[in-house]
Structure formats: structure tokens, C-alpha cells
Amino acid sequence: MVSLTSPPPSSRVLPPPRLPSISPLSFTVLVVVGALFIASMGQVAPSPEKLANGLPRMAELVGRMLPPNTDPGFLQRMGWRILETLQIALVGTVFGVIVSQPMGWLAARGISPLGALRHFPRALISLFRTVPDLVWALLFVSTLGLGAVAGTMTIVVDTIGFCGRFFAEAMEEADKKPQEALNAIGANRVTVLCGAILPDVMPTLINSSLFALEKAVRASVVLGLVGAGGIGQELKVAFDLFQYRNASAIILAIFAIVLAMEFLTDRLRAKFQ
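Numbering (the UniProt record's numbering), first residue to last: 1 to 273.
Pasting the structure below:
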């Protein structure tokens, strides 16, 4: 005979909690971060009054920027600056990717021939990635002078910091079986790298390189603001001389360049996947 009485409390299955439990330390950190956010809002967040006062000035500035300057002489000069911007991005990215491959290999865990000393190239990659682009540009402008060379060197360093990390992680996650097969027949580390690791991670390397090129185009536009060449330098001159119609034409050109580069890199990534 089946008993209709409910099971004892000790045998009941409790439903899982709706929210994960957090430790007192995590709760304290959340409270501190929330308090810091609330305190920061009063200092750096725009107030409704400031936004309301700034809208008329913004509308006046936009009115002074329209229509964009379409003078043939100016457009020709802007075209050469755009070409210089693309040259800075392309040359800097290519050299950066070339240097990033051995740097990533030297920094990769379990693959690097340096052993425990792999932390030194890894720290160098982190340094290149941590320092902002404009800081590198200022350093190179101070040492190499104004112009495109400083911008190219900035893109090289920035690309090494970006690609070096992803290259190292991709090499660490490469399939180990081909590497073990080459090690079994006495292959050296360079042979293992070229014969097993690089063929396996090549799609990832290509994708990361295309992302670096897209990133370099956007960065090279900004580098001109500190004298590192490119279309950004022309934009800075336009704002310094209050030539707002020139500035609007340059901004539209930058927008077109970025869109075209994103479209091109997306197509190339889809092709290599």
C-alpha cells in the first residue's frame, strides 16, 4: 500500500538558488566599485544643463562646417595625405606582423626555446600593448622628427603589441600531435615551428593580421594630430586655422576610408576562414 504522507524534511530536494552566492570579499569589491562609479558620475559625467548649453554651440559648429570644401586643389592635397595614411598603416602593419611571429614564438608557453626566459619577450609585448599609440607617437616624433616615419614606427610597435599576444596564444593552442611526431624523429624547434605549428595556426595568424591592419588604419588617422604624418595632420591644421569646411571634408574622407577598410578586411577574413 502506497503511503500518501510527505517525505521527511531531510529528504526533500531544495531548488537551486536563483542568484549565485558571493563571498564577503566579492561583495565588498562590488560595493566599492559601485560607490566609485557614483562618485565619478558627479565629476566627469555630463550634466543635463551642460548638454543643453552645448547643443546650440554644436549646431553652430556644424553649420560652419557645411558644405564641405570641394576645391580641387584642397582635394588633391587631401588625397595625397590619405595615400600617406594608408602607406603608414600598411608598411607599419607588415613590419609589425613580421616581427610579431618570432616574438610570439619566443613568448609562447611550452614552445619557446627560451624556457623560463620567455617571460622577457612576453613582458616586452605587454609593454608595447600597454602604452597608448599617442605616447609612442610623441616619443618617435621627439626622436625621429615630424612626418610619416614616426607614424610608421608607432604602427610597428602597436602591431607587435597586438599581434604578438595573439600569435603566442595561438601557438600555445596548436595541435600537439604533429609536434610530437616531429619531435619523435629528432626535429629541432625551428622545424617543429615551420612544419607543425605555423601550418596549424595560419588561419588565426591571418585573421589577427587583418584585424591589426584595420586597427592601424584607424590609429594612423589619429597619429597625425601629434605630427606623425597622414590625414590626421591635415585635420589638426584645419581646426587650428578654423578652416571648418576643410575639417568636415577630411572627416568625411576618414569615415569613407574606415568603412572601406572594414569591408575589405571582412571579405578577406571570410575568404581565409
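C-beta atoms are modelled at their ideal positions from N, C-alpha and C, and glycine is treated no differently.
Nothing here was measured: the structure is a model prediction, and the numbers come from that model.
Distances from the alpha-carbon of residue 82 to those of 268, 266, 249, 267 put 249 closest.
The C-beta of residue 240 has fewer than 16 other C-beta atoms within 10 Å across all chains shown, which makes the residue exposed.
Cβ atoms of residue 165 and residue 113 stay farther apart than 8 Å, at about 19 Å.
A straight line joining the alpha-carbon of residue 214 with that of residue 24 spans about 43 Å.
When the Cα atoms are used, residue 54 and residue 60 turn out to be separated by approximately 10 Å. Taking residue 119 as reference, the option from 130, 87, 104 with the minimal CA-CA separation is 104.
In this structure residue 172 is in contact with residue 108, their Cβ atoms being roughly 5 Å apart against a cut-off of 8 Å. For residue 228, no alpha helix (DSSP H) segment is defined, and its DSSP state is neither H nor E.
The three-state secondary structure of residue 111, taken from DSSP, is coil. Secondary structure at residue 37: helix, using DSSP grouped into helix, strand and coil. Residue 145 is classed as exposed because its beta carbon has fewer than 16 other beta carbons within 10 Å across all chains shown. In this structure, residue 226 lies near residue 141, with their beta-carbon atoms less than 8 Å apart. In the structure shown, residue 89 falls within a helical segment according to DSSP collapsed to helix, strand and coil. Note that the C-beta distance between residue 222 and residue 134 is below 8 Å. With a beta-carbon spacing of about 15 Å, residue 212 and residue 151 fall beyond the 8 Å limit used to define contacts.
A straight line joining the alpha-carbon of residue 219 with that of residue 42 spans about 31 Å. In terms of Cα proximity to residue 209, the closest of 160, 187, 175 is 160. In this structure the region 61 to 71 does not lie against the region 197 to 205, because fewer than three pairs of beta carbons, one per stretch, are closer than 8 Å.
Nearest in C-alpha terms to residue 243, of all of 40, 71, 137, 37, is 71. In the structure shown, residue 100 falls within a helical segment according to DSSP collapsed to helix, strand and coil.
Cβ contact annotation for residue 137 (same chain, cutoff 7 Å, sequence separation greater than five): 150, 151, 154, 223, 226, 228, in chain order. Residue 187 and residue 111 have their alpha carbons spaced roughly 13 Å apart. Secondary structure note for residue 152: its alpha helix (DSSP H) is the uninterrupted segment 148 to 172. Per DSSP, reduced to three states, the secondary structure at residue 131 is coil, with no helix or strand assignment.
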